[in-house]
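Visitor: The working numbering numbers the first residue of the sequence shown as 1303 and each following residue consecutively.
Glycine included, each C-beta is placed from N, C-alpha and C at the ideal position.
Keep in mind that this is a model prediction, so the values were computed, not measured.
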Amino acid sequence: MRGETKVADKLWLRVITPSSLVVDEEVDEVLAPGELGEFGILPGHVPFITLLAPGELIYRKDGTEKRFILLGGISEVKDDKVTVLTEFVEDPSSIDPAVAKKELEAIMDELKDFGGSSKELKELTRKLKLAQIRAGIG
1303 MRGETKVADK
1313 LWLRVITPSS
1323 LVVDEEVDEV
1333 LAPGELGEFG
1343 ILPGHVPFIT
1353 LLAPGELIYR
1363 KDGTEKRFIL
1373 LGGISEVKDD
1383 KVTVLTEFVE
1393 DPSSIDPAVA
1403 KKELEAIMDE
1413 LKDFGGSSKE
1423 LKELTRKLKL
1433 AQIRAGIG
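1. Classify Ala1400 as buried or exposed, calling it buried when 16 or more other Cβ atoms lie within 10 Å of its own Cβ.
2. Put Leu1372 into one of helix, strand or coil per three-state DSSP.
3. Nearest to Ile1376 by CA position, among Thr1385, Lys1368, Arg1369, Phe1370, is which residue?
4. CA-CA distance, Leu1430 and Thr1388?
5. Do you know how far the Cα of Ile1360 is from the Cα of Phe1370?
6. Near Thr1352, which residues of its chain fall below 6 Å by C-beta distance, leaving aside the five closest residues on each side in sequence?
7. For Ala1408, count neighbouring C-beta atoms within 10 Å of its own C-beta (all shown protein chains included) and say buried if the count is 16 or more, exposed if not.
8. For a test of the three-state rule: what should DSSP assign to Ala1397, helix, strand or coil?
9. How about Pro1356 and Leu1333: are their beta carbons less than 8 Å apart?
10. Given this structure, state the Cα-to-Cα distance separating Lys1297 from Asp1415, to the nearest angstrom.
11. Taking the alpha carbon of Leu1413 as the point to measure from, which residue in Thr1427, Ile1318, Ala1437 has its own alpha carbon closest?
Right, dumping it as C-alpha cells:
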C-alpha cells in the first residue's frame, strides 16, 4: 500500500571499545543502561543518542540472551542500527566473585577516606557502580 513504511524485524548491534569491535551482529532486541534509566530498543525505534551509565548491556537473538558489563559510554540508534561506544566491556562469566567482592570493598574503603575533587568523586562513584555490578549487588 502507498504510504506504508516497512519496519525491519531485526536490529544491527555494534559494541565498540578503543581496542576492539566486541559485537557486530544482527539481533532482535537491545536493553541498555542509560544515564536516565534502562531503555530497550526494538526494530523501528526512533533515532536517538544517549549517554550510557555503568551497567549491563543485554541483547537477544533467536531466543537466546547475551549480557555484557559496560563502564558507561554513548549509544546511537538510527535506521535499525544500534552503536555502543564504551571504554570497557566485560563478559560476566569471566568474573571471579571473590575478586569482584575484594575490589568493591577496596573502593568502599577509598570512599570512606575520600578528600578529592568533585571530578575525582564522580569517577570513583562510577567505579563503585561498576564494582557493585561485577560483585552482583548493583
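Guide: Straight from the coordinates:
1. exposed
2. It is a strand residue.
3. For Ile1376, the nearest C-alpha among the options comes from Thr1385.
4. 17 Å
5. Separation of Phe1370 and Ile1360 (C-alpha to C-alpha, rounded to the nearest whole angstrom) is 6 Å.
6. Gly1336, Ser1377
7. exposed
8. It is worth fixing the name first, because residue 1397 is Ile in this sequence and not Ala. Note: Ile1397 maps to coil in three-state DSSP.
9. no
10. This structure does not reach residue 1297, given that the chain is present from 1303 up to 1440, and the question cannot be answered.
11. Thr1427
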